[in-house]
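Engineer:
Protein chains: 4
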Amino acid sequence: MTAPAELVEYRPEEGADPSTLVYVFGGNEPVRQIRPGTVLRTWSEDCFAGRVRSSSDLSSEVCDPRFLNPQTGPFYVDGAEPGDTLAVHFVNLEPSRDWGVSTTVPFFGALTSTPTTATLQAALPELTWRYDLDRAAREVIFRARESDHSVVFPLDPMHGTVGVAPALGEVRSSLTPGPWGGNMDTPEMRAGATCYLGVNVHGALFSLGDGHARQGEGEACGVAVECAMDTVAIVDLIKGQPCPWPRIETDDFLMTTGSTKPLEDAFRIATTEMVGWVAAETGLSTMDAYQVVSQGVQTPIANVCDSVYTVVSKMPKRFLPGVDAYGGRHADLRRQAAALQLG
Amino acid sequence: MTAPAELVEYRPEEGADPSTLVYVFGGNEPVRQIRPGTVLRTWSEDCFAGRVRSSSDLSSEVCDPRFLNPQTGPFYVDGAEPGDTLAVHFVNLEPSRDWGVSTTVPFFGALTSTPTTATLQAALPELTWRYDLDRAAREVIFRARESDHSVVFPLDPMHGTVGVAPALGEVRSSLTPGPWGGNMDTPEMRAGATCYLGVNVHGALFSLGDGHARQGEGEACGVAVECAMDTVAIVDLIKGQPCPWPRIETDDFLMTTGSTKPLEDAFRIATTEMVGWVAAETGLSTMDAYQVVSQGVQTPIANVCDSVYTVVSKMPKRFLPGVDAYGGRHADLRRQAAALQLG
Amino acid sequence: MTAPAELVEYRPEEGADPSTLVYVFGGNEPVRQIRPGTVLRTWSEDCFAGRVRSSSDLSSEVCDPRFLNPQTGPFYVDGAEPGDTLAVHFVNLEPSRDWGVSTTVPFFGALTSTPTTATLQAALPELTWRYDLDRAAREVIFRARESDHSVVFPLDPMHGTVGVAPALGEVRSSLTPGPWGGNMDTPEMRAGATCYLGVNVHGALFSLGDGHARQGEGEACGVAVECAMDTVAIVDLIKGQPCPWPRIETDDFLMTTGSTKPLEDAFRIATTEMVGWVAAETGLSTMDAYQVVSQGVQTPIANVCDSVYTVVSKMPKRFLPGVDAYGGRHADLRRQAAALQLG
Amino acid sequence: MTAPAELVEYRPEEGADPSTLVYVFGGNEPVRQIRPGTVLRTWSEDCFAGRVRSSSDLSSEVCDPRFLNPQTGPFYVDGAEPGDTLAVHFVNLEPSRDWGVSTTVPFFGALTSTPTTATLQAALPELTWRYDLDRAAREVIFRARESDHSVVFPLDPMHGTVGVAPALGEVRSSLTPGPWGGNMDTPEMRAGATCYLGVNVHGALFSLGDGHARQGEGEACGVAVECAMDTVAIVDLIKGQPCPWPRIETDDFLMTTGSTKPLEDAFRIATTEMVGWVAAETGLSTMDAYQVVSQGVQTPIANVCDSVYTVVSKMPKRFLPGVDAYGGRHADLRRQAAALQLG
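Okay, structure coming up:
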């Protein structure tokens, strides 16, 4: 079903000048051409292009606003055409350094006014938190700035940004999510998940970045525990099946996403997509599928901080017995991943 | 801290004329006066006032639109004053019949236009699904209307509507949620949870209703698996502490809620409430608490179908070691509940 | 068509204790019972219950938050039943004092975070501006607080709040607008206009208040040039015709309103109402009426500061030749108004 | 201040294949290089690329969805750099044919669900209306499809889409508005107005299109009276002054715009921009300017149908005596325009 696994390694140079990296989906020449089924070993710099390294680094001082959220890619996938779907299976995600950072950024985040939710109020203080990442213990350690207090969170690596070139000839900033994927910022984008992305241009032009050591749902302050990431993914192709909005599959869930404002519309997109998917897979009528989804689904918020917001609709597979989405592609990729010798 | 447990039983007459029930928060005489710490055994009719009983019953035909979502209450709580907080601990919820119903209702729900998200399109079909509730097996059984397909969901009883009289002399329909609680429609309102509600009037005037055998997050079609419910709750009082928006505590989570439109504002309310709560309980500064919440929280959507929408912010207690909200009231109520001889 | 004009004068006592006034729609006993067609001469206190009188008065200090936006009424209209429409024709509005005030209120207004668009930012400064109202010159004079600058605006008196008792047994704060009218805050509610309000309870229970010497569209800072107002209105009744959302008619325009959040939904309500009204009056199909409205209408924003927001849809009557809404009731009321000997 | 007027004429070939036209802002080579102060005589095809010509043409059948809303341009303006502002003064707009068309498009418009306000409902009927444009009488004539009814509207030509290349390396579809201008769809973009656009890339890369013979505010059905347009504009440059969101100036008004969702945020953008502009021009403090704007401004809705929505804030210049925005550039351009020998 998939091409024989070929290994491609692509690592942007660590410490390179931020202006040499890629900050958009679409509009760039591919860095590599790969075949469907390729095992891609790659690395991505953190969202600050590596410039925020300590609690005294402020992103507004050390970063160039034109160079935020660098992406690794784009990768040209042989045979990918508009109307196909890319299936990106995340085999492994591992922070590549023993630290991560989070910050507040003036007029960015859910609990502040922003350039679009514009008010006349002053910005919140700009602060940086440096987290220790204990990869052996699988821990992310928060230390308070203004008191003597720490919190130990579980390490839960994920990619905030995964996508392909958009439709209609658009080129979109890596700071925004949409039908092409992009900056969805959902913690569901972790190892073990397969992300489905509809192809809009020849070769799909897949990129990824924005590693998070972990993230709360909603990404309230706008910034997760940001980190450079070592990533292994299998990049596969499903021919002849479109995918209007990004989907995610795990062993336990089918997931759909929607990204727009207001947030209820992101919910509406994700939920109509789920109703349609469940109907297609089960043979249920649209109204019956609407009913099943209404009683069975989980709907965590992914982000309320990016230029548009993202909601995930998660349907437990146990409520969909016998369903084998995309001909069992996720299970197939899981098997391929298990067979890989990583390390 | 709480008064000695007194048992009060109040059961509206099953099969009573819907017009004799209560459909608002505020503005009604109490049905009972109870002391803080009372164990309340009660029963609530389903949201259709018991009129939708089979898949051929359409709510638009068998229900009077003035009499939807009846509440049981209000209960006057001795000593409750504006500025206090009611703590309602749900000991047990059990559907009182072996069936439940869900429906689509014209121009009601998340995936249809509505009287406020008004369009010129025709309504979706009006349909009713009757579910079998297998209380022994703890199962909720869906049967498709338009094909031969069934789904077995776990029974997960909850109250969609729990609240007190609103502030500012308002009387609000039981169909809407807000700072007084009301129709929040979150599956978190299940047995084992303690719901905190800010008191706005003398006696608080607590009511509850809208039993659901289960509900998906978001309540997409607008109607859960609706059922009459037998409920045991301990109604307690926390003096001198206001609670601007409803909160929920379980053994594992502190939760805040926000209800408004657009949905991002419901998220903003719930999240600022959580930041404030975490800061107050841990001594963290607001900015440090904002950071901890941003990395640690879960934010499921409760409903996107009622007159305004609800988001829940859930903070795992394991990220808040040593925190003992309201002086350990929830743990205390759990112990009292465990000591009760139910049945 | 209307009952013979009877004159009723009702004036709440100026300087009365704010707690003796009315702050809700619904839930209060009528102050007067009037017949349809009555000429009502009345007076309303300003939204601060008269407590903010100089630039050194801060509403947060001199006002009780439970007693904001007092209404004059309610008036019981004989024969008004659910399903009827009240037609309130504004004959004359005149500020009753030679000054008005505007303020900023912490966390209230369009360009600040609020309790629902909640952020962690500090409030804007609280300030009061006192305006001179030159009723002879028909001028409203602004004087800057923080520089030597003044602006002369035209006097354009209007009522921010006009409404009846809500449906479903609700009682709603005078601070919020909705299908019952209430705090719509549109400058279109001026002398010469007829406001149509759907009746929800016996007697309609009409009230009005919140006089503005003038107001910009959107009421950005949340507070217009607030003033006590002398008002003459003819309160008429249209039997057997419901009015789901408030409408306004002038010599030149048919207007519909919608009040909700997000603001696009307020637009959708007002515009679907206008499409329906145009179709009903012209015999056009819904789709043809949608087309005519799309090319002909004006849609000013009324308020983006109240608990929900209001949009007005204005259709020039010259695009609707031959249309005679409600059997020419507005023109009839204009004639009656012209015949009155005011002063 | 401006360069001596040079005349440049650029006319895309009428009847050209739609695929040869331009459908994005940014990302295309300029069609002409012009000097600041150039008088540009140009022509733009209608939003359907000229393919919808009669009431039996359906856009879904005769148009390629990749080729909607063609733009004329881009024009490279000598000396325009990021941080500058382009001033485009519209001297004359005239429909170039004696007909225009409007349509409904499935799942497009304010009174239908859309791909983002997604529901499960069926689409509204797809219909086309052909309007006669009587340019001598300055009339736009509507004829009903489903009854014998006509409406005569005034001709009021405008450009729905005017913009420059976006920031951050983005390329944006001509169907969407934003900080770069684009598909704002405001009737204020008519002859006599000067549009200010912030420059994001060398040469600005200005384009325009989407002529409307007239349009109602809000563009409810999503489609105005679309027409090919002959346009004369003076394209001028203001060095060293940025313009974060498009502004418009006429003899009587200063206007700001905001484009985003939800619509209240578009209002917030436009209004904060106006407060800032008024403060800068008058020397008023921000809070005083907030007050003046709150009492003086008009806020018509531009569109509630595009991918994001647009609000205009209009401040009457008579409330801003002595203000001379951009050193009187608009008045200067008016004089230049008056001196032109058109025809």
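Residue numbers (numbering that gives the first Met the number 0), protein chains in the order written: chain F, 0 to 342; chain W, 0 to 342; chain V, 0 to 342; chain B, 0 to 342.
Glycine included, C-beta positions come from ideal geometry on N, C-alpha and C.
Please report the distance separating the alpha-carbon of Y130/W from that of R317/F.
Structural biologist: Straight-line Cα distance between these residues: approximately 18 Å.
Engineer: Going by CA-CA distance only, name the one from E60/B, P35/B, Q70/B that's closest to F24/B.
Structural biologist: Of the listed residues, the one whose Cα sits closest to F24/B is Q70/B.
Engineer: I'd like to confirm the pairing. Which residues does DSSP put opposite F152/W in its beta bridges?
Structural biologist: V139/W.
Engineer: Do we get a CB-CB distance below 8 Å when we pair Y308/F with the residues of chain B?
Structural biologist: Output row for Y308/F: interface = no.
Engineer: Kindly list the residues whose CB is nearer than 6 Å to the CB of M0/B, restricted to its own chain and excluding five residues on each side of it in sequence; keep chain order.
Structural biologist: Residue placement at M0/B is poorly supported in this model, since its pLDDT is 44, which falls under 50; the coordinates are not used for a value here.
Engineer: Looking at the secondary structure, which residues open and close the beta strand (DSSP E) in which H201/F lies?
Structural biologist: First-last for H201/F: undefined, no H or E at that position.
Engineer: Can you check the region 245–300 of chain W for any beta strand (DSSP E) of at least 3 residues that lies completely inside it and give the ranges in chain order?
Structural biologist: Complete beta strand (DSSP E) runs here, min 3: 246–248, 252–259.
Engineer: Is it the case that the region 204–217 of chain F contacts the region 7–15 of chain W, given that we only count it when at least three CB pairs across the two stretches are under 8 Å?
Structural biologist: In short, these stretches do not touch, since the Cβ pair count stays below three.
Engineer: Tell me the residue span of the beta strand (DSSP E) that contains N229/W.
Structural biologist: A small correction: the amino acid at residue 229/W is Asp; Asn does not occupy that position in the sequence shown. Note, D229/W: beta strand (DSSP E), 228–237.
Engineer: Let me know if Q32/V comes out buried or exposed under the rule of 16 or more other beta-carbons within 10 Å of its beta-carbon.
Structural biologist: Answer is exposed; the Cβ neighbour count stays below 16.
Engineer: In whole angstroms, give me the CA-to-CA distance for Y275/V and G177/V.
Structural biologist: Note on identity: in this sequence residue 275/V is Gly, with Tyr being the wrong assignment. Distance between the alpha carbons of G275/V and G177/V is about 19 Å.
Engineer: Using only the alpha-carbon positions, how far apart do P241/B and T175/B sit?
Structural biologist: Near 22 Å, if we compare the C-alpha coordinates of T175/B and P241/B.
Engineer: Looking at C-beta atoms only, is the number of pairs between the region 237–255 of chain W and the region 82–90 of chain V that lie closer than 8 Å three or more?
Structural biologist: They do not touch, by the three-pair rule.
Engineer: On a Cα-Cα basis, can you pick out the residue from D251/V, L236/V, T255/V that is closest to P245/V?
Structural biologist: Comparing Cα positions, the closest option is T255/V.
Engineer: When the Cα atoms are used, what is the spatial distance from P73/F to D305/F?
Structural biologist: Straight-line Cα distance between these residues: approximately 22 Å.
Engineer: Report yes or no: do the region 322–335 of chain F and the region 287–298 of chain F share at least 3 C-beta pairs separated by less than 8 Å?
Structural biologist: Segments in contact, no.
Engineer: Mapping DSSP to helix, strand and coil, what is Y22/F?
Structural biologist: Three-state result, Y22/F: coil.
Engineer: For V348/V, which residues of its own chain have a beta-carbon under 6 Å away from its beta-carbon, when the five flanking residues on both sides are left out?
Structural biologist: Summary: the structure shown does not reach residue 348/V, with chain V confined to residues 0 through 342, and so no result is reported for it.
Engineer: In chain W, which residues lie less than 7 Å from L126/F when you measure between Cβ atoms?
Structural biologist: Per Cβ cutoff of 7 Å: M286.
Engineer: Determine whether the beta carbon atoms of E248/V and A192/V lie at a separation below 8 Å.
Structural biologist: Cβ distance < 8 Å, so E248/V and A192/V count as in contact.
Engineer: Extract the residue ranges of the beta strand (DSSP E) inside the region 183–217 of chain B, only unbroken runs of 3 or more that lie entirely within it.
Structural biologist: Here the runs fully enclosed are 193–197, 205–211.
Engineer: To the nearest angstrom, how far is it from the Cα of R65/V to the Cα of L167/W?
Structural biologist: Those two C-alpha atoms are separated by around 6 Å.
Engineer: Taking 8 Å as the CB-CB cut-off, is E280/V touching chain W?
Structural biologist: False, the Cβ-Cβ gap to chain W never drops below 8 Å.
Engineer: Can you grab the Cα-Cα spacing for the pair P320/F / D264/V, in whole Å?
Structural biologist: Looking at the two C-alpha atoms, the distance is approximately 39 Å.
Engineer: Beta-carbon within less than 7 Å of V277/F's beta-carbon, same chain only, minus the 5 sequence neighbours each way: which residues are those?
Structural biologist: If we look at V277/F and ignore the five residues flanking it on each side, its Cβ neighbours are L283, A288, V291, V292, M314, L319.
Engineer: Cβ of I300/F less than 8 Å from any chain W Cβ?
Structural biologist: Yes, I300/F lies at the interface with chain W (some Cβ there is under 8 Å from its Cβ).
Engineer: Considering only the alpha carbon of each residue, which of E145/F, V139/F, R40/F lies closest to D155/F?
Structural biologist: Selected option, being the one with the closest Cα: V139/F.
Engineer: Here's the rule: buried if 16 or more other CB atoms are within 10 angstroms of the residue's CB, otherwise exposed. What is E8/W?
Structural biologist: Exposed, since its Cβ has fewer than 16 Cβ neighbours within 10 Å.
Engineer: With a threshold of 8 Å between beta carbons, is P261/B in contact with chain V?
Structural biologist: Cβ-Cβ to chain V under 8 Å: yes for P261/B.
Engineer: Is the number of C-beta pairs between the region 224–233 of chain B and the region 198–212 of chain B that are closer than 8 Å three or more?
Structural biologist: Short answer: they touch.
Engineer: Along chain V, in chain order, which residues have C-beta atoms closer than 8 Å to that of G221/W?
Structural biologist: Chain V residues near G221/W: none, gap ~16 Å exceeds 8 Å.
Engineer: Do you know whose CA, among Y22/F, V322/F, V296/F, G326/F, lies nearest D63/F's CA?
Structural biologist: Nearest option by C-alpha distance: Y22/F.
Engineer: For T41/F, I'd like the list of residues in its chain whose CB is within less than 6 Å of its CB, leaving aside the five on either flank, ordered along the chain.
Structural biologist: Correct list, in chain order: Y9, T71, T230.
Engineer: Pull up the DSSP beta-bridge partners for L119/V, would you.
Structural biologist: According to DSSP, L119/V bridges with nothing at all.
Engineer: Excluding the 5 residues preceding and the 5 following A48/W in the sequence, name in chain order all residues of the same chain whose CB lies nearer than 6 Å to its CB.
Structural biologist: P17, F66, P69.
Engineer: Decide if S149/V is buried, meaning its Cβ has at least 16 other Cβ atoms within 10 Å, or exposed.
Structural biologist: Under this definition S149/V is an exposed residue.
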